[in-house]
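Read in order, the letters of the sequence shown are residues -10 to 314 in my numbering. Note that the Cβ used here is the ideal one computed from N, Cα and C, for glycine as well.
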Amino acid sequence: MTLNVEKPYVVGMDIGGTNTVFGIVDSRGNVLTSSSIKTQQYEKIDDYVDAACTKLLELVNTVGGVEKIKGLGIGAPNGNYYKGTIEFAPNLPWKGVIPLAKLFEERLGIPTALTNDANAAAIGEMTYGAARGLKDFIMITLGTGVGSGIVVNGQLLYGHDGFAGELGHVIVNREGRLCGCGRHGCLETYCSATGVARTAREFLVARSEDSLLRNIPAEEIVSKDVYDAAVQGDKMAQDIFEYTGRILGEALANAIAFSSPEAIVLFGGLARSGDYILNPIKRAIEENVLKIYKGKTEILLSQLKDADAAVLGASALGWEVGKTV
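If you want it as structure tokens, here you go:
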């Protein structure tokens, strides 16, 4: 990373369906100061940009003003890196195609780049985390959905339209669960935090044995409940992780076949479930991967701090966009 000493900071901004978080980041990956606004509070994009810029400028002024900022990186659902647009994001209040990078760049005078949230996480991991020094890896984010960022020869894979790498929407069961995208059987319907909760409800109906999960109203079960029960030795909870990890591992064995990564980096709440999820993932990869790839791909856990990960991932884009200015 080339650092301009006169512009020693970047801004990272992560747009979520509920909150937008932003922070000032230095070259070592330290989040110096951060703030947030409620995404859903602003139905008009201009009102949202005004509110975000007001907060951002307050932060920027604490480190010496706009002239100290090399670039602004934004991670957002359905973010298109090539165009700097958010396109038809179902969980955001603004519909259609929004030229977000242009709106912020014009308002702040800071070079701005935008990509989707999982791609931002991959760039962050390559810049600050477990993927430093790796040129070929896949980032898998296990949250409300399943996101992915694919890095090939040191470059993020965007495809011809800016939307490549949606492994969460690879179909793993043609007759499977309905996904928010409108199709059936997508990976994220099984291997996200919400997918784990769905599996728990299905297991409770299909099986008759005692489980700590039966003490929770079925519709209120979340993935952490399954983890807490697994830690206490609950067989059904452990089987839920086995089921989830196997499906994810089988999908990752296929992913290995098309990009032969040095590593797959796992991030998010489910990744913190430790061996309950990691062991079945590794077994399924070993059982299903093509022989020429066996033993060549490491499974790593993200090294980004949970509280800072979204901002750090987006901020890494700021160094890149700043190079051209």
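Through-space distance from residue j to residue i, alpha-carbon basis
| i | j | result |
| --- | --- | --- |
| Glu309 | Ile205 | 47 Å |
| Ala90 | Pro100 | 9 Å |
| Thr286 | Lys124 | 13 Å |
| Leu146 | Ile129 | 14 Å |
| Ala298 | Tyr117 | 10 Å |
| Gly6 | Val52 | 28 Å |
| Val(-1) | Gly307 | 5 Å |
| Ala252 | Lys213 | 26 Å |
| Val211 | Gln221 | 16 Å |
| Ile87 | Arg96 | 15 Å |
| Ala244 | Phe192 | 28 Å |
| Leu45 | Ile34 | 16 Å |
| Thr74 | Val20 | 25 Å |
| Ile274 | Glu47 | 48 Å |
| Thr(-9) | Ile112 | Model confidence at Thr(-9) stands at a pLDDT of 49, short of 50, so the residue's coordinates are unreliable; what they give is reported in the following sentence. Between Thr(-9) and Ile112, the C-alpha separation is close to 16 Å. |
| Gly37 | Tyr31 | The residue you asked about is not Gly; residue 37 is Tyr in the sequence shown. So the alpha carbons of these two residues sit roughly 5 Å apart. |
| Ile266 | Thr43 | 42 Å |
| Ala110 | Glu155 | 14 Å |
| Tyr179 | Asn50 | 44 Å |
| Gly263 | Gly98 | 44 Å |
| Cys175 | Arg187 | 13 Å |
| Ile281 | Val254 | 21 Å |
| Arg172 | Gly54 | 47 Å |
| Val314 | Pro(-3) | Caution applies to Val314, whose pLDDT of 49 falls short of 50 and renders its modelled position unreliable; the value that the coordinates give is listed next. Going from the Cα of Val314 to the Cα of Pro(-3) covers about 14 Å. |
| Thr28 | Phe77 | 16 Å |
| Cys168 | Arg121 | 34 Å |
| Asn142 | Thr22 | 33 Å |
| Asn69 | Gln144 | 16 Å |
| Ala303 | Asn8 | 15 Å |
| Ser249 | Gly148 | 17 Å |
| Gly284 | Lys84 | 45 Å |
| Ser25 | Val300 | 11 Å |
| Ala305 | Glu198 | 48 Å |
| Glu177 | Cys170 | 10 Å |
| Asp39 | Arg272 | 50 Å |
| Glu164 | Ser181 | 18 Å |
| Ile13 | Ala242 | 38 Å |
| Glu208 | Leu279 | 39 Å |
| Glu276 | Asp295 | 31 Å |
| Ala189 | Pro82 | 31 Å |
| Val10 | Met2 | 6 Å |
| Asp15 | Val194 | 51 Å |
Span of the alpha helix (DSSP H), counted from its first residue to its last, around residue i
| i | result |
| --- | --- |
| Glu276 | Asp264 to Asn277 |
| Val1 | Per the sequence shown, residue 1 should be read as Gly rather than Val. Here Gly1 belongs to no alpha helix (DSSP H); instead the beta strand (DSSP E) covers Tyr(-2) to Ile4. |
| Thr178 | Glu177 to Cys180 |
| Asn108 | Asp106 to Tyr117 |
| Phe230 | Lys224 to Ser248 |
| Glu94 | Leu89 to Leu97 |
| Asn50 | Ile34 to Asn50 |
| Asp150 | Taken as a continuous stretch (DSSP letters only), Asp150 belongs to no alpha helix (DSSP H), as it is neither H nor E. |
| Val220 | Ser212 to Val220 |
Option nearest residue i by Cα separation, candidates the options
| i | options | result |
| --- | --- | --- |
| Glu56 | Glu(-5), Arg163, Ala78 and Gly62 | Glu(-5) |
| Leu289 | Asn268, Leu21, Cys170 and Gln227 | Asn268 |
| Ala246 | Ile127, Ala195, Gly165 and Ile75 | Ile127 |
| Glu94 | Lys59, Val86 and Met115 | Lys59 |
| Arg17 | Asp3, Val86, Glu32 and Met115 | Met115 |
| Ala41 | Ser248, Ser181 and Leu92 | Leu92 |
| Asn80 | Tyr71, Gly73 and Asn67 | Asn67 |
| Val185 | Ile75, Ala218 and Thr104 | Ala218 |
| Gly132 | Gly238, Gly157 and Glu76 | Gly157 |
| Ala107 | Ala153, Gly122, Phe77 and Asn142 | Ala153 |
| Arg166 | Thr183, Glu155 and Ala110 | Thr183 |
| Gly257 | Gly12, Gly143, Asp15 and Gly136 | Gly136 |
| Asn105 | Ile4, Lys224, Gln144 and Leu301 | Ile4 |
| Ala260 | Gly122, Gly234, Gly143 and Asn142 | Gly234 |
| Arg196 | Gly171, Lys224 and His173 | Lys224 |
| Gly134 | Gly148, His149 and Val159 | Val159 |
Distance between beta carbons of residue j and residue i, contact taken as under 8 Å
| i | j | result |
| --- | --- | --- |
| Val140 | Ala240 | Not a contact, Cβ separation roughly 18 Å. |
| Ala293 | Ile270 | The sequence shown places Leu at residue 293, not Ala. Actually they do not touch by this definition, with Cβ atoms about 19 Å apart. |
| Tyr216 | Gly151 | At roughly 35 Å, the Cβ-Cβ gap does not stay under 8 Å, so Tyr216 and Gly151 are not in contact. |
| Ser291 | Ala65 | That pair is no contact at about 20 Å. |
| Ala102 | Gly138 | With a Cβ gap of about 14 Å, Ala102 and Gly138 do not count as contacting. |
Span of the beta strand (DSSP E) around residue i
| i | result |
| --- | --- |
| Ile288 | Glu287 to Leu290 |
| Ala252 | Ala252 to Phe256 |
| Lys59 | Ile58 to Gly64 |
| Glu76 | Thr74 to Glu76 |
| Gly12 | Asn8 to Asp15 |
| Lys27 | Val20 to Lys27 |
| Gly136 | Val135 to Val141 |
C-beta neighbour in chain B for residue i, strict 8 Å
| i | result |
| --- | --- |
| Ala219 | Considering every chain present, this structure includes no chain B. It has just one protein chain. |
*Should the stretch 194 to 202 be called in touch with the stretch 215 to 233, which here means at least 3 C-beta pairs below 8 Å?*
yes
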